[in-house]
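Residue numbers (our numbering): 249 to 508.
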């Protein structure tokens, strides 16, 4: 009975993470509160795995009847629809805030503005274009290379972004308009999160897996420093930006190292 209770509790946490990061439906019995949202960060990588599998499945089916570049585009659309462009929105808001604000207060205010600025539009446009081109190159090498890219990048990018919760300071927004966000992460949550990242590295050969581990560690270090310099810590928007940047880095590393 005790093991069943623990299993249901972990399943509840997974569904909390799924509801936070995606538009996918969850069971009505799932309980969501601030404590469970914090603990659910351990499964953010697993949610990324699910999104990567959805995108990979759409790509696989589409490439059977369509050119690779169209199949990649449809797979990207599927990923955006599944998440509601959650992370893309964070990238745009972060670019607008960091690019248009002079003080921390200005940057946070701009990031909370629902309007899309020029920095945000450029960031989204260039990010989507770069992801599409990299994935097309992977798909032209082999369909399985593109599928591996989807699965690995969507998972590891969310592991990296969520791990910032453990080490960085949450920057509160006094306007009261902040969306719910995991603001704390225990060492157990972090270890489970990292385990999901190590699991998907098995999709790659040893050299590519090692290169991804080292490079993503460096990317995390650089992003953490950038966020501290700009606003003193992290917000939900900067975590979204971290996910988008590290997803692109994953595709780059897999293309350069994994296929060489």
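Backbone N, C-alpha and C fix where the C-beta goes; we use that ideal spot for every residue, glycine too.
For residue j and residue i, the rounded distance between their alpha carbons
i: residue 303; j: residue 354; result: 37 Å
i: residue 505; j: residue 281; result: 42 Å
i: residue 327; j: residue 299; result: 6 Å
i: residue 305; j: residue 395; result: 8 Å
i: residue 367; j: residue 332; result: 21 Å
i: residue 407; j: residue 312; result: 31 Å
i: residue 456; j: residue 494; result: 15 Å
i: residue 496; j: residue 297; result: 16 Å
i: residue 503; j: residue 323; result: 18 Å
i: residue 372; j: residue 364; result: 10 Å
i: residue 264; j: residue 279; result: 8 Å
i: residue 287; j: residue 374; result: 33 Å
i: residue 475; j: residue 380; result: 27 Å
i: residue 255; j: residue 445; result: 21 Å
i: residue 440; j: residue 414; result: 12 Å
Paired residues, beta bridge with residue i - DSSP
i: residue 482; result: 418
CB contact flag (residue i, residue j, <8 Å)
i: residue 472; j: residue 412; result: yes
i: residue 269; j: residue 334; result: yes
i: residue 251; j: residue 284; result: no
i: residue 320; j: residue 384; result: yes
i: residue 376; j: residue 498; result: no
i: residue 400; j: residue 465; result: no
i: residue 410; j: residue 289; result: yes
i: residue 338; j: residue 488; result: yes
i: residue 330; j: residue 420; result: no
Could you tell me whether the stretch 367 to 387 touches the stretch 336 to 353, where touching means 3 or more Cβ pairs closer than 8 Å?
When C-beta atoms of the stretch 367 to 387 are compared with those of the stretch 336 to 353, three or more pairs fall below 8 Å, so the two segments count as touching.
Starting from the N-terminal side, write out each stretch of the alpha helix (DSSP H) that is 4 residues or longer and does not extend beyond the stretch 271 to 315.
The stretch 271 to 315 contains these whole alpha helix (DSSP H) runs: 282 to 287 and 292 to 311.
Just to confirm the assignment: which complete alpha helix (DSSP H) runs, minimum length 4, are found wholly within the stretch 447 to 502?
Counting only runs of 4 or more, we get 454 to 479 and 484 to 501.
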